Amino acid sequence: MKRFLPFLTAVILLTGCGNSSATREFFAMDTVMTLTAYGSNAENAVALAERVILFATIPGETKEHEQMLQIAEEARIMTGGAFDVYYAGAEPDFGGIAKGYAADEAARIFRENGIKSGLINLGGNIYAIGSKTNGKPWEIAVQSPFDESKIVGTIKLADTSASTSGLYRRGEHIIDPATGLPAHSGLASVTVVCKSSAIADALSTGFFVLGRARALEVWRENRELFDLVLIDDDGAVAVTAGLEKSFSSDGGFATVNSGEIGIFLDGELLHSVDLNAVTEPYDLPVGDGNVVRIAHGEVYMLSASCRDQICVKHAHLSADGRRDGDTPIVCLPNNVVVKWL
Amino acid sequence: MSARKLTRLALLTAAALAVYVAEARIPPIVPIPGIKLGLANAVTLFAMYMYGLPGAALVAAGRILLGGFASGGFSMLLYSLAGGFLSFFAMAALIKPLGTRFSFVTGAVGGLAHNLAQLVAAVAVTKTPELFLYLPALLVSGAVTGAFTGLCAGIIAGRFEKYWL
Numbered sequence: 003m004k005r006f007l008p009f010l011t012a013v014i015l016l017t018g019c020g021n022s023s024a025t026r027e028f029f030a031m032d033t034v035m036t037l038t039a040y041g042s043n044a045e046n047a048v049a050l051a052e053r054v055i056l057f058a059t060i061p062g063e064t065k066e067h068e069q070m071l072q073i074a075e076e077a078r079i080m081t082g083g084a085f086d087v088y089y090a091g092a093e094p095d096f097g098g099i100a101k102g103y104a105a106d107e108a109a110r111i112f113r114e115n116g117i118k119s120g121l122i123n124l125g126g127n128i129y130a131i132g133s134k135t136n137g138k139p140w141e142i143a144v145q146s147p148f149d150e151s152k153i154v155g156t157i158k159l160a161d162t163s164a165s166t167s168g169l170y171r172r173g174e175h176i177i178d179p180a181t182g183l184p185a186h187s188g189l190a191s192v193t194v195v196c197k198s199s200a201i202a203d204a205l206s207t208g209f210f211v212l213g214r215a216r217a218l219e220v221w222r223e224n225r226e227l228f229d230l231v232l233i234d235d236d237g238a239v240a241v242t243a244g245l246e247k248s249f250s251s252d253g254g255f256a257t258v259n260s261g262e263i264g265i266f267l268d269g270e271l272l273h274s275v276d277l278n279a280v281t282e283p284y285d286l287p288v289g290d291g292n293v294v295r296i297a298h299g300e301v302y303m304l305s306a307s308c309r310d311q312i313c314v315k316h317a318h319l320s321a322d323g324r325r326d327g328d329t330p331i332v333c334l335p336n337n338v339v340v341k342w343l
Numbered sequence: 183m184s185a186r187k188l189t190r191l192a193l194l195t196a197a198a199l200a201v202y203v204a205e206a207r208i209p210p211i212v213p214i215p216g217i218k219l220g221l222a223n224a225v226t227l228f229a230m231y232m233y234g235l236p237g238a239a240l241v242a243a244g245r246i247l248l249g250g251f252a253s254g255g256f257s258m259l260l261y262s263l264a265g266g267f268l269s270f271f272a273m274a275a276l277i278k279p280l281g282t283r284f285s286f287v288t289g290a291v292g293g294l295a296h297n298l299a300q301l302v303a304a305v306a307v308t309k310t311p312e313l314f315l316y317l318p319a320l321l322v323s324g325a326v327t328g329a330f331t332g333l334c335a336g337i338i339a340g341r342f343e344k345y346w347l
């Protein structure tokens with residue numbers, strides 16, 4: 003009897019505040035899946051969602067498979083072939099997209115059943131419906147790829163999904179379609195945050211193969227679609243600009259910017275430059291006394307006429323976020339500012 | 183104002199200016215605009231202890247204006263004025279209740295106020311709100327360097343009370 007006590011108390015607490023909830027845990031697609039919903043229709047919603055998920059796992063020529071193939075094709079194009087359901091031959095392998103697709107389906111069922119607050123967790127693919135019952139956003143943890151008992155940071159999610167691929171227990175099996183061998187690109191973990199969990203699932207798999215630099219290239223072309231949390235083999239953590247506010251980590255992290263900088267004189271924007279479009283380095287004189295050096299993905303103050311030379315000593319602004327490049331480069335005596343736009 | 187007091191205030195202004203110019207020659211240790219020792223502030227605080235607020239205000243204003251003309255352009259003068267103004271009032275409010283014994287507290291508050299005002303002025307002039315990212319570093323450095331210069335001013339003022347008035 004004793005072991006049931008916590009469970010009973012939980013039920014009383016949850017129903018006690020006039021808000022019913024339902025949770026279901028089951029095993030499918032080689033992973034533990036958990037569905038949680040809050041609201042008057044919660045029981046119904048989780049039951050329907052479970053049925054839809056189990057149905058989506060049945061192989062065959064179904065509508066679901068056709069939709070998955072479409073999304074997989076989008077992801078294949080975006081990743082330049084690094085994600086490809088046909089890597090093993092003529093038969094598609096939905097291993098890198100099915101759980102994400104199932105999470106989207108479950109999210110759709112939740113919404114259709116009026117669920118305003120819920121969490122869908124299909125083993126590495128999480129969909130947050132609305133916010134928590136107290137109105138705060140759902141917060142999910144990104145596990146450390148080096149020690150799965152530790153977390154690297156947390157992401158606040160509201161009505162969006164997150165999918166992680168990496169050197170986790172199952173992650174070593176991600177195959178590079180180009181070589182047919184297990185992928186190892188220097189990334190230990192990739193988390194994709196996207197409204198579509200299927201896309202997040204496919205992209206996280208593809209980006210793990212592609213590596214940091216090329217993943218960020220894809221991100222720069224699709225900044226409205228998704229955001230990333232990247233953990234390198236050396237443990238360095240970087241997030242793309244859209245997650246700067248919703249990601250938090252005790253260990254610190256770099257933010258990857260759009261790559262666009264502005265150069266200001268006397269508070270007026272003189273030049274704006276996309277650092278990723280720069281091929282050959284060049285120098286830009288600003289006002290009477292400053293020269294800004296612009297290179298591919300990097301900008302810094304080359305020289306300044308002022309005495310303190312603080313702007314010249316300032317850390318370079320680097321578009322890949324590897325360096326401490328968040329504070330603007332500022333020359334107060336000449337009123338010149340270089341900063342991210 | 184007696185000729186004696188006027189002379190001593192002028193002497194202090196010259197000393198403050200010399201300290202200010204000398205300090206500006208030292209290359210900055212940290213590449214963050216606004217982090218410096220601020221030794222000239224010790225002279226202002228010393229003047230407050232010895233000659234009261236109006237006299238100290240003359241020393242501070244004289245040093246800031248002359249220092250501004252001697253080095254840097256108009257915008258740097260503006261930052262000096264903003265910092266000097268706020269730190270003067272912050273320290274002026276504290277010298278009576280705290281006395282020379284707690285001069286390091288007065289100096290720390292003065293340093294904080296100085297850096298805060300300078301940062302606000304810099305954000306306004308450069309139209310760059312991102313400069314507030316420097317706020318934590320500037321507040322810490324302002325308190326530490328301010329405490330040091332405050333301590334100096336307090337020690338010197340304590341010695342001079344016996345011999346110089």
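Residue numbers (my numbering), protein chains in the order written: chain A, 3 to 343; chain B, 183 to 347. All C-beta atoms, glycine included, are put in the ideal place defined by N, C-alpha and C. This one's a predicted model, so the numbers in the text were calculated from it and none came from an experiment.
The beta strand (DSSP E) with H273 of chain A in it runs from where to where?
-> E270 to D276
Could you run through the region 263–293 of chain A and flag, in chain order, every residue whose CB is less than 9 Å away from some CB of chain B?
-> Close to chain B, meaning a Cβ-Cβ distance shorter than 9 Å, are the following residues of the region 263–293 of chain A: F266, D268, G269 and E270.
Run of the beta strand (DSSP E) containing M31 of chain A, from where it starts to where it stops | Looking at the DSSP string, M31 of chain A is not in any beta strand (DSSP E), and its letter there is neither H nor E.
Pairwise C-alpha distance: A143 of chain A and A109 of chain A | 20 Å
Endpoints, alpha helix (DSSP H) assigned at K187 of chain B | A185 to R207
Would you say L315 of chain B reaches chain A, if we count a Cβ-Cβ gap shorter than 7 Å as a contact?
-> Closer than 7 Å to the CB of L315 of chain B there is at least one CB belonging to chain A.
If you check the beta carbons only, do T308 of chain B and N337 of chain A fall under 7 Å apart?
-> Contact: yes.
Y284 of chain A: first and last residue of the uninterrupted beta strand (DSSP E) it sits in | Y284 to V288
Residues that D252 of chain A contacts on chain B, provided the C-beta gap is smaller than 9 Å = The premise fails here: D252 of chain A is roughly 17 Å from chain B at the closest Cβ pair, so nothing lies under 9 Å.
Mind checking the region 331–342 of chain A against chain B and listing, in chain order, the residues whose C-beta falls within less than 7 Å of any C-beta there?
-> V332, L334, P335, N337, V339 and K341
Counting pairs of beta carbons, one from the region 288–299 of chain B and one from the region 222–230 of chain B, are three or more of them closer than 8 Å?
-> yes
Extent of the continuous alpha helix (DSSP H) run through G250 of chain B | Taken as a continuous stretch (DSSP letters only), the alpha helix (DSSP H) holding G250 of chain B covers A222 to A252.
Is S240 of chain A helix, strand or coil when you go by DSSP?
-> Inspection of the sequence shows that residue 240 of chain A is occupied by Ala rather than by Ser. Here A240 of chain A sits in strand by DSSP.
What number of angstroms, rounded off, separates the C-alpha of G120 of chain A from the C-alpha of S167 of chain A?
-> 23 Å
Looking at C-alpha atoms only, which residue of A:A217, A:K101, A:G155 and A:A200 is the closest neighbour of D252 of chain A?
-> A:G155
So what does DSSP say about E262 of chain A, is it helix, strand or coil?
-> Residue state, collapsed to three classes: strand.
Compare the beta carbon distance of A47 of chain A and F112 of chain A with 7 Å and say whether it is the shorter of the two.
-> yes
Compare the C-alpha of T282 of chain B against each of B:I338, B:V322 and B:E205 and name the closest.
-> B:I338
Tell me where the alpha helix (DSSP H) around S262 of chain B begins and ends.
-> Residues F256 to L280.
Please list the partners that V307 of chain B has in chain A, where partner means a Cβ-to-Cβ separation under 9 Å.
-> D268, G269, L334 and N337
When we look at the beta-carbon of E107 of chain A and count the other beta-carbons within 10 Å, is it buried (16 or more) or exposed?
-> The residue is buried, with at least 16 neighbouring Cβ atoms inside 10 Å.
Confirm, please, whether the CB-CB distance from I157 of chain A to F255 of chain A is below 7 Å.
-> Not in contact: F255 of chain A and I157 of chain A (Cβ atoms no closer than 7 Å).
Between which two residues does the beta strand (DSSP E) carrying I128 of chain A extend?
-> N127 to G132
Can the beta-carbon of S274 of chain A be found less than 7 Å from the beta-carbon of L343 of chain A?
-> yes
Less than 7 Å separating the beta-carbons of G188 of chain A and G208 of chain A?
-> Their beta carbons are not under 7 Å apart, which means G188 of chain A does not touch G208 of chain A by this criterion.
Close Cβ partners of D95 of chain A (< 6 Å) along its chain, the five nearest in sequence each way excluded = V87
Contacts around S206 of chain A, its chain only, beta-carbon distance under 7 Å, and the 5 residues preceding and following it disregarded | The residues are S165, T166, S167, V192, T193 and V194.
Is the Cβ of H298 of chain A closer than 7 Å to any Cβ of chain B?
-> Cβ-Cβ to chain B under 7 Å: no for H298 of chain A.
Check the Cβ-Cβ distances between S257 of chain B and every residue of chain A, and say whether any is below 7 Å.
-> yes
L191 of chain B and V241 of chain B: beta carbons closer than 7 Å?
-> yes
Integer Cβ distance of L271 of chain A from G264 of chain A, believed to fall under 8 Å = 5 Å
Listed in chain order, which residues of the region 245–279 of chain B have Cβ atoms closer than 9 Å to some Cβ of chain A?
-> Answer set for the region 245–279 of chain B: S253, G254, G255, S257, M258 and Y261.
Cβ separation of I55 of chain A and A104 of chain A, assumed to be a contact under 8 Å, to the nearest whole Å = 5 Å
Alpha helix (DSSP H) runs contained entirely in the region 22–96 of chain A, provided each spans 4 or more residues | Counting only runs of 4 or more, we get 44–58 and 65–80.
Please classify K101 of chain A: does DSSP put it in a helix, a strand, or coil?
-> helix
Distance between K341 of chain A and Y170 of chain A (C-alpha atoms, nearest Å) | 37 Å
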